[in-house]
Structures are given as C-alpha cells and as structure tokens.
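Participant: Below is a structure I'd like to ask you about.
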Amino acid sequence: RVLDAQYFPNLKARFGFTDYNKLAQFETYSDPEPYGVYDYGLDAKWILYNGYKTRKQIETAKLEIIRAEKALHLKEQVVLRNLTGRYFEILNANLELRVLPIIEEYRKKRKEIYEKQAAAGLVNKMFTSIVTKEIEAVQIKRMHLEASVDIAKSEIAFLLNLDEEFWTKSNI
C-alpha cells in the first residue's frame with residue numbers, strides 16, 4: 213500500500229528560519245548586527261513513468277507478503293507438531309506410569325518367593341539378584357518417565373506461554 217502511493221503526486225512544504233550575526237567590517241570596525249533569514253517553499257513531484265519500476269516493486273512486495281504468510285504457516289505447523297508430539301509423550305508416559313507399579317509389585321512378590329526357595333535350598337541366590345535388577349530397572353524406568361513428563365509439560369508450557377499453575381489445575 214505504501215508503494216501504491218508512488219503513483220500519485222508528492223507534495224512537500226518546507227519552512228525554516230536561520231538566525232545570523234554579521235561579521236564586523238574591517239574598514240569601519242563596527243559591531244556585528246544580527247539578522248534572520250526566513251526560508252519557505254512548496255515542492256511538488258509526480259513521476260509519470262519510471263520504467264515500470266513501481267509496478268515491479270509492488271509485485272515483489274505482494275510476493276514477499278505471500279512468502280512470509282507461508283513461512284508463518286509452516287512455523288505454526290512445526291509448533292503444532294511439537295505440541296501434539298509432547299502431548300502424546302505425556303499420554304504414553306502416564307499410561308506406562310500406571311502399569312509400572314503393578315509390574316514392580318509382581319516382581320517384588322517373585323523376589324520374596326525366590327528368597328524363600330533359596331532359603332530352603334531349592335534355587336540358587338542368582339534368581340533373587342536377577343529379580344532385584346529387574347525391580348531396579350522398573351524403578352529407573354519410572355524415574356525416566358516422570359522426568360520425560362516434566363520435560364514435555366515444560367515444553368508445552370513454553371510453546372503455549374502457560375504459567376506453572378496450569379499443570380496443577382489440569383488433569384494431564
């Protein structure tokens with residue numbers, strides 16, 4: 213729209229005042245007398261033909277606007293993809309976090325059974341150490357999932373400009 217204005221005449225009005233002091237004349241050695249100069253004018257300019265430069269600038273500007281809109285649309289799509297990815301990470305992690313305590317409980321029961329069997333001399337203590345490692349792996353997995361949920365929530369909060377209280381109010 214700014215470039216469209218080049219098709220129309222341009223008017224400039226100017227006004228100025230300059231204050232001068234005369235220099236002392238050498239012959240008379242008189243004191244300088246101050247004087248002022250007023251300057252004013254009106255300039256008009258209308259370009260009738262400039263080799264289609266204005267039209268080319270307008271077409272280029274329109275193409276730049278379209279390019280910027282498409283770039284913005286692509287950035288929005290990237291943000292939406294990040295949001296949905298983080299949201300599904302939270303859902304998957306929450307699903308796993310619901311199941312892990314059950315798995316951990318069964319492994320602890322299995323460990324108790326192996327400890328009783330090892331005390332009776334029916335199995336080797338190696339079985340209890342294997343189950344202990346499995347329980348530790350489940351606990352580590354739970355910590356990783358909790359951390360990934362916190363990271364995903366932090367990224368979503370950043371992308372949506374949410375405050376920290378949002379997650380205490382929500383049920384995700």
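With the numbering used here, you'll find the sequence shown wraps up at 384, consecutive numbering, no jumps.
Each residue gets a CB set at the ideal place from its N, CA and C atoms; glycine is no exception.
(1) Roughly how many whole angstroms lie between the Cα atoms of Gln289 and Gln329?
(2) Confirm, please, whether the CB-CB distance from Ile259 to Asp216 is below 8 Å.
(3) Please report how far the alpha carbon of Leu371 lies from the alpha carbon of Leu295, in whole angstroms.
(4) How close, in whole Å, do the beta carbons of Ala305 and Val350 come, if the pair is a contact with beta carbons under 8 Å?
(5) Buried or exposed: which applies to Thr272, given that a residue is buried once 16 or more other Cβ atoms fall within 10 Å of its Cβ?
(6) DSSP three-state call for Gly253: helix, strand or coil?
(7) If you draw a straight line from the C-alpha of Glu346 to the C-alpha of Ser366, how long is it?
(8) Give me the residue from Glu348, Asp251, Tyr252, Glu301 with the minimum Cα distance to Ile315.
(9) Taking 8 Å as the threshold (beta carbon to beta carbon), is Ile314 in contact with chain B?
(10) Starting from Gly228, follow its DSSP beta bridges and name the residues at the other end.
(11) I need the straight-line Cα distance from Leu307 to Tyr299, nearest angstrom please.
(12) Tell me the DSSP bridge mates of Asn222?
Facilitator: Short version:
(1) When the Cα atoms are used, Gln289 and Gln329 turn out to be separated by approximately 58 Å.
(2) Going by beta carbons, Asp216 and Ile259 fall outside the 8 Å limit.
(3) So the alpha carbons of these two residues sit roughly 7 Å apart.
(4) Not a contact, Cβ separation roughly 14 Å.
(5) So Thr272 counts as exposed.
(6) It is a strand residue.
(7) So the two alpha carbons sit approximately 30 Å from each other.
(8) Checking every option, the nearest Cα to that of Ile315 belongs to Glu348.
(9) Structure shown: chain B not included; a single protein chain is present.
(10) DSSP lists Asp251 as the bridge partner or partners of Gly228.
(11) Rounded to whole angstroms, Leu307 and Tyr299 show a C-alpha spacing of 12 Å.
(12) Paired residue(s): Lys257.
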